[in-house]
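Asks: Numbering (my numbering), first residue to last: 2 to 410.
The following block contains the structure:
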């Protein structure tokens, strides 16, 4: 028999047992669907995070308190102080610095008359407007004078303004945080959710004001420093480290109580972490593929037993062992191949819906990542599973004696 005839016989065998064929591929469909979802969402998350970091620009460096890639226990570390900002701002210390932006953050409740809005507070400086690419719908941004004087100026996100003031003007009005009055000097244009903060629901005050009157501590949680161009970043990082070591009386770099990272460093670290997590989750999901493969082998063995007389009849009519082997092997490969394609379709559809849901419920501009490489790999893997787990049932079928097979009841 030629390959065309063998393929035709395999298709007839599958169509004749539709329900069994559907149940057989179910495990493969579930496995490939799970792997596709994990890889697609993982790629989307990595793309989103890297995009957010790149928004800061390749000419940016981040100073974080603590140790490790992102500052070990950085939120609880108070190693960065106002004196460090002063030292970094000296042109003689960090000549390549273009912008120096310290900031702090925490929760706050903004009150206007009887209305309350529970929000995130950003203690900022004038440079935040450029670093975070903020635009004002009305009013003005924080000035250096506001920072120095610890003024009671506040800028509201668009949603806070809408909730507290409706269609009325907010600029010039006074709101309260912790029973202290703050004068609204500006309202942000709608911007949505970023990786770190939802700017539509943020209240911005001078970072010195936030430290003294709202958050109750005098340390700084982050400092972003930009250079005029990306090629000056290595020198910028070196000068930052030397300046902070001098400010903290540190002689040995091993004793650093701060971390300086560039946007490229952060992107590489996050890329590595998300890739490892994706591989781990995909590997866990792939276990279901092995289970599906075992299920296919068991069902194929049952099918071989039930079709013993058919096998005997075909052999009596001249079918060779390799013809029978090829037929059952092709049946297994077709089943897993179809299961793989269906799994990719279901997985991609669910991933697409998930990205829409994430954007709807969180505000993240979460991109859909079409799992092209994952889809191709899914088809290859599912087909390979069909071949591997189909060999034993197919060989069992090919070894049956025609005489014994025809006598089988």
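We put the CB at the ideal spot given by N, CA and C, even for glycine.
Are at least three pairs of beta-carbons, each pair with one atom in the segment 268-280 and one in the segment 27-47, less than 8 Å apart?
Replies: Result yes; three or more Cβ-Cβ pairs closer than 8 Å.
Asks: Under a Cβ-count criterion, where at least 16 other Cβ atoms within 10 Å of its own Cβ denotes burial, should residue 202 be classed as buried or exposed?
Replies: Numbered from 1 along the chain shown, position 201 holds the residue referred to as residue 202. Under this definition residue 202 is a buried residue.
Asks: At which residue ranges does the segment 69-144 contain complete alpha helix (DSSP H) runs of 4 or more residues, listed in the order of the chain?
Replies: For the segment 69-144, whole alpha helix (DSSP H) runs of length 4 or above, ordered along the chain, are 83-90 and 129-132.
Asks: Mind checking residue 239: buried by the 16 CB within 10 Å criterion, or exposed?
Replies: Within the chain shown, the letter at position 238 stands for residue 239. Classification for residue 239: exposed.
Asks: Distance, Cα to Cα, residue 24 vs residue 347?
Replies: Taking the chain shown and counting its residues from 1, one reaches residue 24 at position 23. Taking the chain shown and counting its residues from 1, one reaches residue 347 at position 346. Computed Cα separation, rounded: 16 Å.
Asks: At the level of alpha carbons, what is the spacing between residue 98 and residue 127?
Replies: On the chain shown, residue 98 is found 97 positions in, with the first residue counted as 1. On the chain shown, residue 127 is found 126 positions in, with the first residue counted as 1. Cα to Cα, residue 98 sits roughly 15 Å from residue 127.
Asks: Relative to the C-alpha of residue 195, which candidate in 384, 26 and 360 has its C-alpha closest?
Replies: Indexing the chain shown from 1 puts residue 195 at position 194. Checked all of 384, 26 and 360; the closest Cα to residue 195 is 360.
Asks: Flag this pair as yes or no: are the beta carbons of residue 330 and residue 386 separated by less than 8 Å?
Replies: As a working mapping, residue 330 is identified with position 329 in the chain shown. As a working mapping, residue 386 is identified with position 385 in the chain shown. Cβ distance not < 8 Å, so residue 330 and residue 386 don't count as in contact.
Asks: Using three-state DSSP, classify residue 61 as helix, strand or coil.
Replies: Residue numbering aside, residue 61 sits at position 60 when the chain shown is read from its first letter. Residue 61 falls in the strand class under three-state DSSP.
Asks: I'd like to check one pair, residue 112 with residue 153: are the Cβ atoms closer than 8 Å?
Replies: Here residue 153 refers to the residue found at position 152 when the chain shown is read from its first residue. Here residue 112 refers to the residue found at position 111 when the chain shown is read from its first residue. The answer is no: Cβ separation not under 8 Å.
Asks: For residue 198, which three-state DSSP category applies?
Replies: The residue labelled residue 198 in the question sits at position 197 within the chain shown. It is coil, neither helix nor strand.
Asks: Determine the closest residue to residue 130 out of 213, 244, 207 and 297, with distance taken between C-alpha atoms.
Replies: Mapped onto the chain shown, residue 130 falls at position 129. That would be 207, whose Cα lies nearest to the Cα of residue 130.
Asks: Is the distance from the Cβ of residue 132 to the Cβ of residue 225 below 8 Å?
Replies: For the purposes of this step, residue 132 is identified with residue 131 of the chain shown, where counting begins at 1. For the purposes of this step, residue 225 is identified with residue 224 of the chain shown, where counting begins at 1. Yes, the pair counts as a contact, with Cβ atoms nearer than the cut-off.
Asks: Are the beta-carbon atoms of residue 36 and residue 317 separated by less than 8 Å?
Replies: Within the chain shown, the letter at position 35 stands for residue 36. Within the chain shown, the letter at position 316 stands for residue 317. No, these two residues do not count as a Cβ contact at 8 Å.
Asks: Locate the beta strand (DSSP E) running through residue 207, then write down its first and last residues.
Replies: As a position in the chain shown, residue 207 is number 206, starting the count at 1. Counting along the chain, the beta strand (DSSP E) containing residue 207 begins and ends at 203-207.
Asks: Starting from the Cα of residue 179, find the closest Cα among 122, 192 and 160 and give me that residue.
Replies: Indexing the chain shown from 1 puts residue 179 at position 178. It is 122.
Asks: Based on Cα-Cα distance, which residue from 369, 338 and 344 lies nearest to residue 352?
Replies: Position 351 of the chain shown, counting from 1, holds the residue named residue 352. Considering only alpha carbons, the answer is 369.
Asks: Residue 248 lies in the beta strand (DSSP E); which residues open and close that run?
Replies: By 1-based counting over the chain shown, the position of residue 248 is 247. Run containing residue 248: none in the beta strand (DSSP E); it sits in the alpha helix (DSSP H), 234-248.
Asks: Whole angstroms is fine: what's the gap from residue 215's alpha carbon to residue 233's?
Replies: What you label residue 215 is simply residue 214 of the chain shown in a count that begins at 1. What you label residue 233 is simply residue 232 of the chain shown in a count that begins at 1. Cα to Cα, residue 215 sits roughly 37 Å from residue 233.
Asks: Near residue 102, which residues of its chain fall below 6 Å by C-beta distance, leaving aside the five closest residues on each side in sequence?
Replies: Residue numbering aside, residue 102 sits at position 101 when the chain shown is read from its first letter. 126, 128, 129, 132 and 225, listed in sequence order.
Asks: By DSSP's criteria, residue 393 is part of a beta bridge. Which residues make up the other side?
Replies: Locating residue 393 in the chain shown gives position 392, counting from the first residue. Per DSSP, none; premise fails for residue 393.
Asks: Compare the C-alpha of residue 188 against each of 396, 200, 177 and 377 and name the closest.
Replies: Here residue 188 refers to the residue found at position 187 of the chain shown. That would be 200, whose Cα lies nearest to the Cα of residue 188.
Asks: Excluding the 5 residues preceding and the 5 following residue 323 in the sequence, name in chain order all residues of the same chain whose CB lies nearer than 8 Å to its CB.
Replies: Start at 1 with the first residue of the chain shown, and residue 323 comes out as number 322. Only 399 meet the Cβ criterion.
Asks: Based on the DSSP secondary-structure assignment, which residues constitute the bridge partners of residue 212?
Replies: Counting from 1 along the chain shown, the entry for residue 212 is found at position 211. Residue 212 is not bridged to any residue.
Asks: Below 8 Å on the Cβ atoms is my guess for residue 227 versus residue 61; work out the distance and round it to an integer in Å.
Replies: Within the chain shown, numbered from 1, the residue matching residue 227 stands at position 226. Within the chain shown, numbered from 1, the residue matching residue 61 stands at position 60. 5 Å between Cβ atoms; contact.
Asks: Indicate the three-state DSSP secondary structure (helix, strand or coil) for residue 154 in the structure shown.
Replies: Stepping through the chain shown from its first residue, residue 154 is reached at position 153. Looking at residue 154 - three-state DSSP - the assignment turns out to be strand.
Asks: Taking Cβ to Cβ, would you say residue 26 is nearer than 8 Å to residue 339?
Replies: Sequence index remark: in the chain shown, residue 26 carries index 25 (1-based). Sequence index remark: in the chain shown, residue 339 carries index 338 (1-based). A contact, by the Cβ cut-off of 8 Å.
Asks: To which residues does DSSP link residue 176 through a beta bridge?
Replies: As a first step, residue 176 is located in the chain shown; it is residue number 175 there, counting from the start. The partner list for residue 176 (beta bridge, DSSP) reads 183.
Asks: Whole angstroms are fine: how far does the CA of residue 212 sit from the CA of residue 167?
Replies: Reading the chain shown from its first residue, position 166 is the one you call residue 167. Reading the chain shown from its first residue, position 211 is the one you call residue 212. For residue 167 and residue 212, the distance between alpha carbons rounds to 30 Å.
Asks: Would you identify the three-state DSSP class for residue 228, choosing helix, strand or coil?
Replies: Against the chain shown, residue 228 aligns to sequence position 227. The answer is strand: DSSP assigns residue 228 an E or B state.
Asks: Contact check, residue 66 vs residue 258 under 8 Å by CB: the rounded distance?
Replies: Within the chain shown, numbered from 1, the residue matching residue 66 stands at position 65. Within the chain shown, numbered from 1, the residue matching residue 258 stands at position 257. Contact holds; Cβ gap of about 7 Å.
Asks: By DSSP, does residue 326 sit in helix, in strand, or in coil?
Replies: The residue you call residue 326 lines up with position 325 of the chain shown. Helix.
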